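S.K.: Once you've had a glance at the structure underneath, I'll fire off some questions.
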Amino acid sequence: MIGNLLFRAFRKVETNVHELNYLFWECTTRCNLHCRHCGSDCKEASGERDMPIADFIGALKTIPRKAIPKNFTVVLTGGEPLMRRDIAEVGRQIREYGCHWGMVTNGQLYTAERQDELLRAGMGALTISLDGLEASHDWMRGRTGSYNRAVEAIRLAAAQPRLYFDVVTCVNQRNINELDGIYNLLCEIGVPQWRIFTIIPIGRAKDDPKLHLADSQFVDLMEFIKQHRQHSGRTKVTFSCEGYLGRYERVVRDAPYFCHAGVNIASVLIDGRICACPNIDRDRFSQGNIYTDNLYQVWNERFEPFRNRNWARTGICKNCKAFNLCLGNGMHNWHGACDEVINCHYRKIENSGNQ
Amino acid sequence: MKWIHNLLKCCSFSAVLFTFQACYGTPEDMLEADATCTIHVVDASGKDIPNVEVLVKNNASGDKLYADTTNGAGMAFIKEYMACSVVNLKFELRPLENADFQPKDTVIMGLSEQITITLDHK
């Protein structure tokens, strides 16, 4: 009880201060895989042109150097960032401006030479996706052989002491029985952290039942993480920040649930729109555009729906007893008319517990 | 409000709260090292020499870590990448157009913000 009160006080302070310290850049929507769960519906040949480096760096530089906290991190995402040949140049310019940078990749183009180039450009954080053992990963990612290339990339990154590195897995009907196998593989490689997600029903994943867990499976997943966090294995297992987890809060991850989108996190999307995490409904929640607005000014003067989430007291959230801790779950769970949250982790757990 | 925020940041209680990963983002890069190191290749009078190929190697393994050509205004490279895995570095310098300078090998123990290497005339 006291812990919850203290946490809510902390969250209020953090929201009021709203220090920007994490900035996504959706640098391309081109991708060399065709993933079943892609929320952005990315393709090899995208209709959107890659944003020029100068446009993004210009937006970044609207943030005064003195306003950049010491661990301010720019995260390159896509699409697949390594489809661009100029990522190292981007990284150098980000680092020269005093920011850290990292990248989320599917690992297909992540070779030893590329890693060396990126490290020399100051890359300090990396996330690689692995969505199952070989057959499941290849099925999910839409390309035979993608598993082997992803594992090779994971081996390269895990051997590099400079990187803050983790592997992420989207758990679904197909791979939920492979979690022990994935865990053993990551321990053998020496991956420091494994972060587990479930799949949001948006984009290509919206109407694919194989991708979504039943309530009881979701609780099984929580139990898996709980048990493996008690191991002394080389790989730390954690659940993502995607939603409020009721009785599993502080059990399956280090910190209590707190959606930092728009509180500490912003993004520059492929068309210049300014939003928070890229999987948030950009048509509804974009706050401006770098081609017409000053990024830092937008950060300071807008983002109200992210910092005051009383609007989310609707639908099943309206009278929910957990609302004060949950605030309507992650912002990415609100799409379209926003009259109902599309995914409630708390309810999944409660439903399963009542069965 | 900002002072409360800073106070909380200083408390070990809250360290875990301030370290987060956005949905499908990377971990935060927590390294606190300085960003860059600058090499100046100069002549005896202290003037920068352009067009010198600089090769940085791991002195223990001999692996090439970095290669670039000076432009007369110092040459920056990312310090922490070198610092993470090597104790000392070997610099090999080979003048390109400035043929009146001697090639030079030198070993640097640790990394400073500014590394100045003097080339000698032939």
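If you read the protein sequences in the order shown, they are chains A and B. Start counting the first sequence at 0; every next residue gets the next number (numbering that gives the first Met the number 0). Start counting the second sequence at 0; every next residue gets the next number (numbering that gives the first Met the number 0). Using N, Cα and C, we set each Cβ at its ideal position, and we do this for glycine too. From a predicted model like this one, the values you see are computed outputs, not experimental measurements.
(1) Which of the three DSSP states, helix, strand or coil, is assigned to isoleucine 67(A)?
(2) For a contact meaning CB atoms closer than 8 Å, what does methionine 102(A) contact in chain B?
(3) Does DSSP put alanine 157(A) in a helix, a strand or coil?
(4) Can you tell me where the beta strand (DSSP E) holding proline 51(A) begins and where it ends?
(5) Just to make sure I have the definition right: I need the residues of chain A whose C-beta is within less than 8 Å of the C-beta of aspartate 28(B). Which are they?
(6) Do you know offhand how far proline 51(A)'s Cα is from isoleucine 188(A)'s?
(7) Taking Cβ to Cβ, would you say histidine 17(A) is nearer than 9 Å to phenylalanine 302(A)?
(8) Could you tell me the distance, in whole angstroms, from the CA atom of asparagine 147(A) to the CA atom of glutamate 133(A)?
(9) Which of the three DSSP states is assigned to valine 190(A) in this structure?
(10) Any beta carbon from chain A within less than 9 Å of cysteine 22(B)'s own beta carbon?
(11) Counting contacts by CB-CB distance shorter than 9 Å, is asparagine 323(A) in contact with chain B?
(12) Could you check which residue in Gly123(A), Leu184(A), Asp206(A) and Ala265(A) has the C-alpha nearest to that of lysine 235(A)?
(13) Please report the straight-line C-alpha distance between arginine 93(B) and lysine 63(B), rounded to a whole angstrom.
(14) Going straight from the alpha carbon of glycine 144(A) to that of aspartate 207(A), what length do you get?
(15) Determine the extent of the beta strand (DSSP E) in which histidine 99(A) is found, giving its start and end residues.
(16) In whole angstroms, give me the CA-to-CA distance for leucine 4(A) and aspartate 85(A).
(17) Check alanine 265(A) in the structure and name its three-state DSSP category.
(18) So, under 8 Å CB-CB, histidine 227(A) and tyrosine 182(A) are touching, yes? Tell me the CB distance rounded to an integer number of Å.
(19) Starting from the Cα of serine 351(A), find the closest Cα among Gly97(A), Ala152(A) and Glu222(A) and give me that residue.
(20) Expressed to the nearest angstrom, what Euclidean distance is found between the alpha-carbon atoms of leucine 268(A) and glycine 24(B)?
(21) Leaving out the 5 sequence neighbours to the left and right, which residues in its chain are closer than 7 Å to glutamate 43(A) when beta-carbon positions are compared?
(22) Would you please verify whether the beta carbon of phenylalanine 23(A) is less than 9 Å from any beta carbon of chain B?
(23) In chain order, what residues of the same chain lie with their CB nearer than 7 Å to the CB of histidine 136(A), ignoring the 5 residues before and after it?
(24) Considering only C-alpha positions, which residue in the set Trp310(A), Leu324(A) and Tyr345(A) is nearest to tryptophan 333(A)?
(25) Looking at valine 89(A) and cysteine 34(A), is the spacing between their C-beta atoms short of 9 Å?
(26) Provide the residue span of the beta strand (DSSP E) that contains lysine 11(A), from first to last.
(27) Quick one: list the residues of chain B neighbouring asparagine 278(A), beta-carbon separation under 7 Å, in chain order.
(28) If you draw a straight line from the alpha carbon of arginine 249(A) to that of proline 191(A), how long is it in whole angstroms?
(29) Which term fits aspartate 28(B), buried or exposed, when burial requires 16 or more other beta carbons within 10 angstroms of its beta carbon?
M.R.: Reading from the atomic positions:
(1) The answer is coil: DSSP assigns isoleucine 67(A) none of H, G, I, E or B.
(2) Ordered by position in chain B, the residues that pass the 8 Å Cβ test against methionine 102(A) are Thr25.
(3) Helix, per DSSP.
(4) For proline 51(A), there is no enclosing beta strand (DSSP E), as DSSP marks it with neither H nor E.
(5) The contacting residues are Asn70, Thr72, His99, Trp100, Gly101, Gly123, Ala124 and Tyr163.
(6) Rounded to whole angstroms, proline 51(A) to isoleucine 188(A) spans 36 Å at the Cα level.
(7) Histidine 17(A) is a Cβ neighbour of phenylalanine 302(A), given a cutoff of 9 Å.
(8) Looking at the two C-alpha atoms, the distance is approximately 7 Å.
(9) Three-state DSSP puts valine 190(A) in coil, outside helix and strand.
(10) Taking Cβ atoms only, chain A reaches closer than 9 Å to cysteine 22(B), which makes this a yes.
(11) Residue contact with chain B for asparagine 323(A): absent (no Cβ-Cβ distance below 9 Å to any residue of chain B).
(12) Cα-wise, what sits closest to lysine 235(A) is Leu184(A).
(13) If you draw a straight line from the Cα of arginine 93(B) to the Cα of lysine 63(B), it is about 15 Å long.
(14) One C-alpha to the other measures close to 23 Å.
(15) Histidine 99(A) -> beta strand (DSSP E) spans 99 to 104.
(16) Taking the straight line from one Cα to the other gives about 47 Å.
(17) Residue state for alanine 265(A) is assigned as strand, using DSSP reduced to three classes.
(18) About 6 Å; that satisfies the 8 Å criterion.
(19) Of Gly97(A), Ala152(A) and Glu222(A), the residue nearest in Cα terms is Glu222(A).
(20) One C-alpha to the other measures close to 14 Å.
(21) When the five nearest sequence neighbours on each side are left out, the beta carbons in the same chain lying within less than 7 Å of the beta carbon of glutamate 43(A) are those of Arg29, Cys30 and Asn31, in order along the chain.
(22) Put simply, the CB of phenylalanine 23(A) is near chain B, with a gap under 9 Å to one of its CB atoms.
(23) Contacts found: Leu129, Asp130, Ser145, Tyr146 and Ala149.
(24) Closest by alpha carbon: Trp310(A).
(25) Cβ atoms of cysteine 34(A) and valine 89(A): not closer than 9 Å.
(26) Counting along the chain, lysine 11(A) sits inside no beta strand (DSSP E); it lies in the alpha helix (DSSP H) bounded by residues 1 to 16.
(27) Near asparagine 278(A) (Cβ distances below 7 Å), the residues of chain B are Cys22 and Tyr23.
(28) Each residue's Cα considered, the two are about 19 Å apart.
(29) By the Cβ neighbour-count rule, aspartate 28(B) is buried, with 16 or more other Cβ atoms within 10 Å of its own.
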